[in-house]
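See structure below.
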Amino acid sequence: MKWVNNIDAYIIKSGRSRKFIAKQLGISENQFLAWRKGEYLPPVDKAILLAELLDCTVYDLFERTDEE
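Positions 1 to 68 (UniProt numbering) are the ones given, in order, by the sequence shown.
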């Protein structure tokens, strides 16, 4: 199982800057970059807040695939 994220697509749709979103989440831009690149998954509370900021659901942001 692998997780794929759609964070960048929803950032573009939102028209908000990555810097603004990171600040609203209370995290560094580097930490936010790691989430966007799929290096780490955000904690549940931050994933929910991110979805609210991007006007979507957590399920929109992250998809599970059967790929290894």
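Beta carbons are placed, not taken as given, at the ideal position from N, Cα and C, and that holds for glycine. All values reported here derive from a predicted model rather than from experimental measurement.
Span of the alpha helix (DSSP H) around residue i
| i | result |
| --- | --- |
| residue 74 | Given that the chain is displayed from residue 1 to residue 68, the structure contains no residue 74 and the question cannot be resolved. |
| residue 75 | Nothing in the structure corresponds to residue 75, since the chain is present only between 1 and 68. |
| residue 60 | 58–61 |
Sub-8 Å separation of residue i and residue j beta-carbons
| i | j | result |
| --- | --- | --- |
| residue 7 | residue 35 | yes |
Contact set for residue i: own chain, Cβ-Cβ below 8 Å, skip 5 residues either direction
| i | result |
| --- | --- |
| residue 27 | 46 |
| residue 22 | 28, 29, 31 and 32 |
| residue 61 | 5, 6, 7, 10, 47, 50, 51 and 54 |
| residue 19 | 29 |
Presumed contact (8 Å Cβ cut-off) between residue i and residue j, rounded CB distance
| i | j | result |
| --- | --- | --- |
| residue 52 | residue 4 | That belief does not hold up - the Cβ atoms of residue 52 and residue 4 are roughly 21 Å apart, past 8 Å. |
Residues near residue i by beta carbon distance below 7 Å, same chain, minus five either side
| i | result |
| --- | --- |
| residue 48 | 58 |
Terminal residues of the beta strand (DSSP E) in which residue i lies
| i | result |
| --- | --- |
| residue 52 | It is not in any beta strand (DSSP E) - residue 52 instead sits in the alpha helix (DSSP H) that spans 44–53. |
| residue 5 | 2–5 |
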